[in-house]
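Asker: What follows is a single structure, and I will ask about it in a moment.
There are 2 protein chains.
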Amino acid sequence: MISGKFAISLHILTLLTKFPNEYLSSDFIAGSLNLHPVLVRKEIVNLKNNQLVISKEGKNGGTMLAKSASQITLDQVLKITLEKVSFGYSKNHPNPNCPVGEKMNNKLDMLYTTLNNQITGQLMNITLEQFSNDF
Amino acid sequence: MISGKFAISLHILTLLTKFPNEYLSSDFIAGSLNLHPVLVRKEIVNLKNNQLVISKEGKNGGTMLAKSASQITLDQVLKITLEKVSFGYSKNHPNPNCPVGEKMNNKLDMLYTTLNNQITGQLMNITLEQFSNDF
DNA sequence: CATACTGTAATAAATAAGGTTACAATATTA
DNA sequence: TAATATTGTAACCTTATTTATTACAGTATG
Chain L
1 MISGKFAISL HILTLLTKFP NEYLSSDFIA GSLNLHPVLV RKEIVNLKNN QLVISKEGKN
61 GGTMLAKSAS QITLDQVLKI TLEKVSFGYS KNHPNPNCPV GEKMNNKLDM LYTTLNNQIT
121 GQLMNITLEQ FSNDF
Chain U
136 MISGKFAISL HILTLLTKFP NEYLSSDFIA GSLNLHPVLV RKEIVNLKNN QLVISKEGKN
196 GGTMLAKSAS QITLDQVLKI TLEKVSFGYS KNHPNPNCPV GEKMNNKLDM LYTTLNNQIT
256 GQLMNITLEQ FSNDF
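See below:
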């Protein structure tokens with residue numbers, strides 16, 4: 001579940017912040033990320049569905065920020081790329097006849113929710129503008 | 136990098152807490168986790184290398200806590216199972232000729248370090264004893 | 001109407017994670 | 001001391017996930 005999505009989306013958004021009011025093509029963005037343009041477009045679809053960017057088809061098309069970088073905070077980016085940070089579960093369902101196995105996943109859920117709230121709280125304080133600033 | 140290791144190790148430690156001063160076999164533990172005993176033993180090796188448990192070979196052997204559950208905190212468990220929580224990197228090295236690509240991984244490292252410090256700080260306050268208490 | 005794009009599906013390749021088998025080594029106890 | 005129950009560990013297999021590629025339809029521009 002944890003993958004490069006958060007990093008890739010943040011990279012895309014940083015580029016868009018650096019070139020405001022310009023449509024950047026997926027090829028250009030892919031060049032900075034060193035990634036296949038189709039993968040970039042897939043991430044852009046997600047950013048678009050979440051109203052962080054707008055994009056234009058056709059010649060001279062591309063993608064730009066849908067709002068100012070000062071209005072986007074990193075918790076929004078995390079939310080749409082990873083939803084929730086997981087610290088992992090055992091893959092199989094634990095034995096429900098064991099008092100520990102029965103409750104373990106619930107306990108982990110609660111713990112992970114607590115940790116996620118903390119992470120989100122921290123990321124709410126960082127805007128895309130701030131993050132992009134020292135590039 | 137993120138996997139079930141943290142959850143599995145925590146499950147094992149919780150069982151050991153519930154049966155203190157008893158050597159539990161990897162078969163017994165595997166039954167609660169619904170996991171192959173060899174995988175359990177692999178995790179136990181890690182717990183052993185990090186002085187959280189001791190184990191005894193041979194008949195009637197098994198594993199028990201190396202210290203009291205009140206002396207083990209969850210950040211120690213996280214540290215030995217995941218080392219550091221990653222929120223992901225783009226798999227390929229970004230383009231070093233792009234000012235954004237060049238610095239991105241450094242920036243992410245810094246961000247992730249901050250977040251990890253927060254997570255660790257939170258988990259330092261939870262002992263294995265507390266975690267095990269309401270099973 | 002040629003061109004340069006996005007959007008998207010299908011599929012392939014690579015990587016990672018989890019599971020299994022096998023067996024040597026060790027300690028217990030009858 | 002022999003049978004047994006256990007850990008320790010390596011090698012390998014399988015499945016799942018992630019990343020990459022190909023292909024092409026649709027769209028806006030000039």
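Those protein sequence lines, which keep their order, are chains L and U.
The first sequence begins at 1 in this note's numbering and counts up by one.
The second sequence begins at 136 in this note's numbering and counts up by one.
No residue lacks a Cβ here, since even glycine has one placed at the ideal position from N, Cα and C.
Against chain U, which members of the region 10 to 23 of chain L pass a CB distance test of less than 8 Å?
Answerer: L10, H11, T14, L15 and K18
Asker: What are the boundary residues of the alpha helix (DSSP H) that M245 of chain U is part of?
Answerer: P234 to L258
Asker: If you drop the 5 nearest sequence neighbours on each side, which residues of the same chain put their C-beta closer than 8 Å to that of R41 of chain L?
Answerer: S26
Asker: Scan the region 32 to 85 of chain L and note each continuous alpha helix (DSSP H) run of 4 residues or more that stays entirely inside, going in chain order.
Answerer: Entirely contained in the region 32 to 85 of chain L, the alpha helix (DSSP H) runs reaching 4 residues are, in chain order, 37 to 49 and 74 to 82.
Asker: Just the C-alpha distance for T63 of chain L and I54 of chain L, rounded to the nearest angstrom, thanks.
Answerer: 6 Å
Asker: Using a threshold of 8 Å, state whether the C-beta atoms of F222 of chain U and F131 of chain L are closer than that.
Answerer: Taking 8 Å as the Cβ cut-off, F222 of chain U and F131 of chain L do not qualify as a contacting pair.
Asker: Are the CB atoms of Y158 of chain U and K183 of chain U within a distance shorter than 8 Å?
Answerer: Cβ distance not < 8 Å, so K183 of chain U and Y158 of chain U don't count as in contact.
Asker: Is there a Cβ from chain L that is less than 8 Å from the Cβ of I143 of chain U?
Answerer: yes
Asker: Let me confirm a value: P96 of chain L is counted as buried when at least 16 other C-beta atoms fall within 10 Å, else exposed. Which label applies?
Answerer: exposed
Asker: Excluding the five sequence neighbours on either side, which residues of its own chain have a C-beta within less than 6 Å of the C-beta of M124 of chain L, listed in chain order?
Answerer: T73 and D75.
Asker: Under DSSP, the alpha helix (DSSP H) around E264 of chain U begins and ends at which residues?
Answerer: L263 to N268
Asker: Between which residues of its own chain and I44 of chain L is the CB-CB distance below 7 Å, once the five residues before and five after are set aside?
Answerer: I12, S26, V53, S55 and T63
Asker: Might you give, ordered along the chain, the residues of its own chain that have their beta carbon closer than 6 Å to the beta carbon of K84 of chain L, omitting 5 neighbours on each side?
Answerer: N116
Asker: For chain U, is any of its Cβ atoms less than 8 Å away from the one on I2 of chain L?
Answerer: Interpretation of I2 of chain L is limited by its pLDDT of 48, a score under 50 that renders its predicted location unreliable; no figure is taken from the coordinates.
Asker: To which residues of the same chain is L78 of chain L closer than 8 Å at the C-beta, ignoring the five residues directly before and after it?
Answerer: The beta carbon of L78 of chain L lies closer than 8 Å to those of F6, V85, I119, T120 and L123 in the same chain, with the five residues before and after it left out.
Asker: Once you ignore the five residues that flank A69 of chain L on each side, which residues in its own chain have a CB closer than 7 Å to its CB?
Answerer: Beyond the five residues adjoining it in sequence on each side, A69 of chain L comes within less than 7 Å, by CB distance, of T17, T127, L128, E129 and S132 in the same chain, given in chain order.
Asker: Distance, Cα to Cα, N195 of chain U vs P172 of chain U?
Answerer: 16 Å
Asker: Cα separation between T81 of chain L and G193 of chain U?
Answerer: 48 Å
Asker: Bridge partners for L159 of chain U per DSSP, in chain order?
Answerer: Beta-bridge pairing links L159 of chain U to U:T198.
Asker: Please classify D269 of chain U as buried or exposed, where buried requires at least 16 other C-beta atoms within 10 Å of its C-beta.
Answerer: exposed
Asker: Taking the beta carbon of T149 of chain U as the centre, do at least 16 other beta carbons fall within 10 Å, making it buried, or is it exposed?
Answerer: buried
Asker: Residues of chain L with CB under 7 Å from S203 of chain U, in chain order?
Answerer: Under the 7 Å cutoff, chain L gives no residues; its nearest Cβ is about 18 Å from S203 of chain U.
Asker: Which whole-angstrom value describes the C-beta separation of Y89 of chain L and G139 of chain U, a residue pair presumed to lie in contact below a C-beta threshold of 8 Å?
Answerer: 6 Å
Asker: When the distance is taken between beta carbons, is A30 of chain L closer than 8 Å to Q51 of chain L?
Answerer: With respect to A30 of chain L, Q51 of chain L sits apart: the two C-beta atoms are not nearer than 8 Å.
Asker: Which chain U residues are close to N34 of chain L, counting only those with a beta carbon under 8 Å from its beta carbon?
Answerer: S225, N227, H228, P229, N230 and G236
Asker: Taking Cβ-Cβ distances shorter than 9 Å, what residues in chain L pair up with Q211 of chain U?
Answerer: Correct list: empty, because the minimum Cβ distance to chain L is about 14 Å.
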